[in-house]
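Colleague: Residue numbers (the working numbering), protein chains in the order written: chain W, 4 to 238; chain P, 4 to 238.
We put the beta carbon where it would ideally sit given N, CA and C, even for glycine.
Attaching a single structure in structure tokens format; questions to follow.
Number of protein chains: 2
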Amino acid sequence: MKRRKRATAPQKRNADATRAKILQAALDEFSERGLPAASTDDIADRCGVNKRMIYYYFGSKEGLYLAALESVFERFVALEREIDVEHLEPAAAIEAMIDLKIDYYVENPHFVSFLAMENFYKARHLRKSKKLHMFKTPLTEVIARILKRGQSSGQFRQDVDPVDFYVSMCALCIMYFSNQHSLGAIFQRDMMSGANIERRRRTVVDFVLSYLQMTDGARTPAPGRKPARQAALVS
Amino acid sequence: MKRRKRATAPQKRNADATRAKILQAALDEFSERGLPAASTDDIADRCGVNKRMIYYYFGSKEGLYLAALESVFERFVALEREIDVEHLEPAAAIEAMIDLKIDYYVENPHFVSFLAMENFYKARHLRKSKKLHMFKTPLTEVIARILKRGQSSGQFRQDVDPVDFYVSMCALCIMYFSNQHSLGAIFQRDMMSGANIERRRRTVVDFVLSYLQMTDGARTPAPGRKPARQAALVS
DNA sequence: GCCCCAGTTAACTCCCCGGTTAATTAGAGG
DNA sequence: CCTCTAATTAACCGGGGAGTTAACTGGGGC
């Protein structure tokens, strides 16, 4: 009799529920303390599961970390895949994407933490992930289409590389959150107050649309612009 | 006879040299492995100094980390303090600041690492620093002056908050480097190739100047812009 | 030439933590 | 009701790493 399937009160002997509880606890622990400082004992305590279960389901601490990392990225990319802005005016579509990103960062600090952590460790684990190919953000293609629409209607400039543009948009959105603590400490501001977040949102939209709507070549070139200094660069 | 002062071959019994060697090793170790994974034994080995010396000079692993963090920030702020762009045209001055930042990030990955690490740990150590007040970047004032010049000559838009603007400029510059590994893995690009860095430099300058030179109100407002959603925000 | 202490050393302690062993039990299938 | 296995548990192990102890020494001051 498999009367109770799962989803009711998860008591004893429920593989999926146990796995899920561990994963959630890992998400919390890793994003709070970081990979090296996180302890498997604490993760087990957090979710009231025997430590051995971590090794039973995830093999090792690193295996658990990788699973947590993947789950965070999967959810993020899934959201970006859902967005539908094809029916919007190009400028409104760009704005909608910025809103999506900022809202996501506000509501999912776990993602911001994992991204920062993973970059600190040179994306060692991300690169190892078999799901890496799934993490290529679908937004670059959405952006490419929006840009094309905006360009053919004459609203947007012509010389925009979608990936490069995506990085810029992303930078304007995420850095405020990923660096909120140093910025907050140095400028003595509460970066997470509603008013400040809204101000940020407006600035980002303003920046991005200014760039896109700037007529090609209209920008005053700085006089005496020195050529790119390749010599100073590594590799 | 204090014949050899220091700076020649630093052999035995040289407090300053020992302290400096430890600090340098700490810089390397912490930025490579992170605060929790860094080991005092390894730091001692790295610079050929007895582990006890770390405790003699810095009190604890955390004390050493704080000293390293402060030294990294001090050097960064010192550089920003040195820059002189008052003689340049406003647009060229902005460009010079962007160049300064990008060059610095390219040449000082330690700074990028420490900044990311410190933010991951919610700026816990930075906030504890007695030198925190020294880390308020002098660039915001420089920026304020440049903006004023650009505004009175009619080249720049009027409604720009210096701190907000600084954050945006900084975001466009640093995120490319702080997130180089995840971006590189996902987009399969070598973010640190000379050509890609130069492309980045041009894009950032383009973004920032487009924003500043955008005539107030010239930007097409997106139709149907929904009002700011305060409700969705935390606190 | 001697004293004294800042600077240096090796050896040690203790505990935390990742991972393992082996025994135990819930419950599905026959 | 019995069996067999997936799931769960407690107890244990070994290594690494932060921090300490106490002995020692180079060299400046007198």
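If I'm right that Ser116/W touches Phe180/P with Cβ under 8 Å, what's the distance once you round it to whole angstroms?
Modeller: Working through the first sequence from its first residue, we reach residue 116/W at position 113. Working through the second sequence from its first residue, we reach residue 180/P at position 177. Not confirmed; about 19 Å, so no contact.
Colleague: So, under 8 Å CB-CB, Phe138/W and Val80/W are touching, yes? Tell me the CB distance rounded to an integer number of Å.
Modeller: Here residue 138/W is taken as the residue at index 135 of the first sequence, counted from 1. Here residue 80/W is taken as the residue at index 77 of the first sequence, counted from 1. 6 Å between Cβ atoms; contact.
Colleague: Cutting at 8 Å between CB atoms, please list the residues of its own chain near Leu82/P, excluding the five before and the five after it.
Modeller: Counted from its first residue, the second sequence places residue 82/P at position 79. So the qualifying residues of the chain are Leu103, Tyr107.
Colleague: Would you give the residue range spanned by the alpha helix (DSSP H) that Asp87/P belongs to?
Modeller: Looking up residue 87/P in the second sequence gives position 84. Unbroken run through Asp87/P: none, as it is neither H nor E.
Colleague: What residues in its chain sit with their C-beta under 7 Å from that of Met194/W, if we drop five residues either side in the sequence?
Modeller: By 1-based counting over the first sequence, the position of residue 194/W is 191. Once the five neighbours on either side are set aside, the close Cβ partners of Met194/W are Tyr179, Gln183, Leu186, Gly187.
Colleague: Return no unless some Cβ of chain P is closer than 8 Å to the Cβ of Ala81/W.
Modeller: One-based indexing of the first sequence puts residue 81/W at position 78. No, Ala81/W lies away from the interface with chain P (no Cβ there is under 8 Å from its Cβ).
Colleague: What number of angstroms, rounded off, separates the C-alpha of Leu38/W from the C-alpha of Ile86/P?
Modeller: Numbered from 1 along the first sequence, position 35 holds the residue referred to as residue 38/W. Numbered from 1 along the second sequence, position 83 holds the residue referred to as residue 86/P. Cα to Cα, the separation comes out at about 38 Å.
Colleague: Which residues in chain W have a C-beta closer than 9 Å to the C-beta of Asn122/P? List them in chain order.
Modeller: For this step, residue 122/P is matched to residue 119 along the second sequence. Near Asn122/P (Cβ distances below 9 Å), the residues of chain W are Ala119, Ser181, Asn182, Gln183, His184, Ser185, Leu186.
Colleague: If distances are taken between C-alpha atoms only, which option among Met217/W, Asp44/W, Glu89/W, Tyr58/W comes closest to Gly157/W?
Modeller: Along the first sequence, one-based indexing puts residue 157/W at 154. Comparing Cα positions, the closest option is Met217/W.
Colleague: Alpha carbon to alpha carbon, what distance is there between Arg78/P and Asp164/P?
Modeller: Position 161 of the second sequence holds residue 164/P. Position 75 of the second sequence holds residue 78/P. Using only the alpha carbons, I get a separation of about 26 Å.
Colleague: Assuming Met100/P contacts Leu142/P under a Cβ cut-off of 8 Å, what Cβ separation, rounded to an integer in Å, is found between them?
Modeller: In the second sequence, counting from the first residue as 1, residue 100/P sits at position 97. In the second sequence, counting from the first residue as 1, residue 142/P sits at position 139. About 7 Å separates the two Cβ atoms, so the contact holds.
Colleague: Any C-beta of chain P sitting closer than 8 Å to the C-beta of Tyr214/W?
Modeller: As a first step, residue 214/W must be located in the first sequence, where it is residue number 211. Yes, its Cβ sits closer than 8 Å to a Cβ of chain P.
Colleague: Evaluate Gly51/P with the Cβ neighbour count: other Cβ atoms within 10 Å of its Cβ, from every protein chain shown; 16 or more gives buried, anything less gives exposed.
Modeller: Counted from its first residue, the second sequence places residue 51/P at position 48. So Gly51/P ends up on the exposed side.
Colleague: With DSSP collapsed to three states, give me the class of Gly51/P.
Modeller: Counting from 1 along the second sequence, the entry for residue 51/P is found at position 48. DSSP places Gly51/P in coil when its eight states are reduced to three.
Colleague: Does the beta carbon of Pro165/P come closer than 8 Å to any beta carbon on chain W?
Modeller: As a working mapping, residue 165/P is identified with position 162 in the second sequence. Not an interface residue.
Colleague: Does chain P have any CB closer than 8 Å to the CB of Val88/W?
Modeller: To locate residue 88/W, count along the first sequence from 1; it is residue 85. Chain P, which has no Cβ nearer than 8 Å to the Cβ of Val88/W, makes this no.
Colleague: Assuming Glu73/W contacts Ser132/W under a Cβ cut-off of 8 Å, what Cβ separation, rounded to an integer in Å, is found between them?
Modeller: Here residue 73/W is taken as the residue at index 70 of the first sequence, counted from 1. Here residue 132/W is taken as the residue at index 129 of the first sequence, counted from 1. Indeed they touch by this definition, with Cβ atoms about 6 Å apart.
Colleague: Taking 8 Å as the CB-CB cut-off, is Arg152/W touching chain P?
Modeller: Looking up residue 152/W in the first sequence gives position 149. Chain P, which has no Cβ nearer than 8 Å to the Cβ of Arg152/W, makes this no.
Colleague: Buried or exposed: where does Glu65/W fall if 16 or more other Cβ atoms within 10 Å of its Cβ makes it buried?
Modeller: Taking the first sequence and counting its residues from 1, one reaches residue 65/W at position 62. With fewer than 16 other Cβ atoms within 10 Å, it is exposed.
Colleague: Using the Cα positions of Leu118/W and Ile177/W, report the straight-line distance between them to the nearest angstrom.
Modeller: Your numbering for residue 118/W matches position 115 in the first sequence. Your numbering for residue 177/W matches position 174 in the first sequence. Roughly 10 Å between the two C-alpha positions.
Colleague: With C-beta atoms as the reference, is His113/W less than 8 Å away from Val75/W?
Modeller: Here residue 113/W refers to the residue found at position 110 when the first sequence is read from its first residue. Here residue 75/W refers to the residue found at position 72 when the first sequence is read from its first residue. The answer is yes: Cβ separation under 8 Å.
Colleague: Let's test the definition: count the other Cβ atoms within 10 Å of the Cβ of Thr21/P and tell me whether it reaches 16, buried, or not, exposed.
Modeller: Taking the second sequence and counting its residues from 1, the one referred to as residue 21/P is at position 18. Burial call: buried.
Colleague: Can you grab the Cα-Cα spacing for the pair Ala95/W / Ala147/W, in whole Å?
Modeller: What you label residue 95/W is simply residue 92 of the first sequence in a count that begins at 1. What you label residue 147/W is simply residue 144 of the first sequence in a count that begins at 1. About 15 Å.
Colleague: Can you have a look at Glu98/P and say buried or exposed, based on whether 16 or more other CB atoms are within 10 angstroms of its CB?
Modeller: The residue you call residue 98/P lines up with position 95 of the second sequence. Buried.
Colleague: By Cβ distance, which residues of its chain are closer than 7 Å to Asn199/W, with the 5 residues on each side in sequence left out?
Modeller: Within the first sequence, residue 199/W is the residue found at index 196, counting from 1. These residues qualify, in order along the chain: Arg192, Asp193.
Colleague: If you reduce the DSSP assignment to three classes, tell me which class Asn17/P lands in.
Modeller: Position 14 of the second sequence holds residue 17/P. Coil.
Colleague: What is the DSSP secondary structure of Met137/P, counted as helix, strand or coil?
Modeller: Translated into positions along the second sequence, residue 137/P becomes position 134. Correct three-state label for Met137/P: helix.
Colleague: Once you ignore the five residues that flank Leu69/P on each side, which residues in its own chain have a CB closer than 6 Å to its CB?
Modeller: Here the question's residue 69/P lines up with position 66 in the second sequence. Around Leu69/P: His128.
Colleague: For Ser155/P and chain W, any beta-carbon pair shorter than 8 Å?
Modeller: Here residue 155/P refers to the residue found at position 152 of the second sequence. So no, Ser155/P is outside the interface.
Colleague: Leaving out the 5 sequence neighbours to the left and right, which residues in its chain are closer than 7 Å to Thr43/P when beta-carbon positions are compared?
Modeller: The residue given as residue 43/P occupies position 40 in the second sequence. Lys54, Ile57, Lys64, listed in sequence order.
Colleague: Helix, strand or coil for Val163/P, going by three-state DSSP, please let me know.
Modeller: Indexing the second sequence from 1 puts residue 163/P at position 160. Note: Val163/P maps to coil in three-state DSSP.
Colleague: Whole angstroms are fine: how far does the CA of Leu91/P sit from the CA of Tyr169/P?
Modeller: Taking the second sequence and counting its residues from 1, one reaches residue 169/P at position 166. Taking the second sequence and counting its residues from 1, one reaches residue 91/P at position 88. Cα to Cα, the separation comes out at about 18 Å.
Colleague: Could you check if Glu32/P belongs to the surroundings of the ligand FMN, using beta carbon to heavy atom distance under 7 Å?
Modeller: Among the components of this structure there are no ligands whatsoever, and the ligand FMN is therefore not found.
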